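Each remark here refers to the structure printed beneath this line.
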């Protein structure tokens, strides 16, 4: 991976978000083992995978933080499960960091003077 072919950049983790029940009873539609991945800004679902939009709203604010490099003692580095927002539901979502992916500022910015090739159009995307 060539890190500065278009200038300054940064690493983000790809993530796997998986439904876990561990014997708890779900109230919402949570199927143990269903998962999706986060690659950059993109949510990637396998065909047939579904997730409650209410559960997704609980997950969304945490995903960008989980993608970034953090201190090993920071809670975002160590805590991996997020509860369904329904207080009566036993559903949980386990967020696992996968491989790191390199992004350039030029490939992700919206500022016209700093734009380069969008990351999703690059060869390694």
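Numbering (this note's numbering), first residue to last: 222 to 346.
We put the beta carbon where it would ideally sit given N, CA and C, even for glycine.
Note that the structure is a prediction, hence the values are computed from the model and not measured.
What did DSSP end up calling residue 319 once you bin it into helix, strand or coil? Residue 319 falls in the strand class under three-state DSSP.
Counting C-beta neighbours from all protein chains within 10 Å, is the total for residue 207 16 or more, i.e. buried, or is it exposed? The displayed coordinates of the chain run from 222 to 346. Any statement about residue 207 would go beyond what the structure contains.
Helix, strand or coil at residue 343 according to DSSP, with G and I counted as helix: Coil.
Does DSSP put residue 292 in a helix, in a strand, or in coil? Taken through DSSP and simplified to helix, strand or coil, residue 292 comes out as coil.
Per-residue burial, residue 312 [other beta carbons within 10 Å of its own, 16 or more giving buried]: Note on residue 312: 16 or more other CB atoms within 10 angstroms of its CB, so buried under the neighbour-count rule.
For residue 303, tell me which candidate among 340, 264, 316 and 234 has the shortest Cα-Cα distance. Comparing Cα positions, the closest option is 316.
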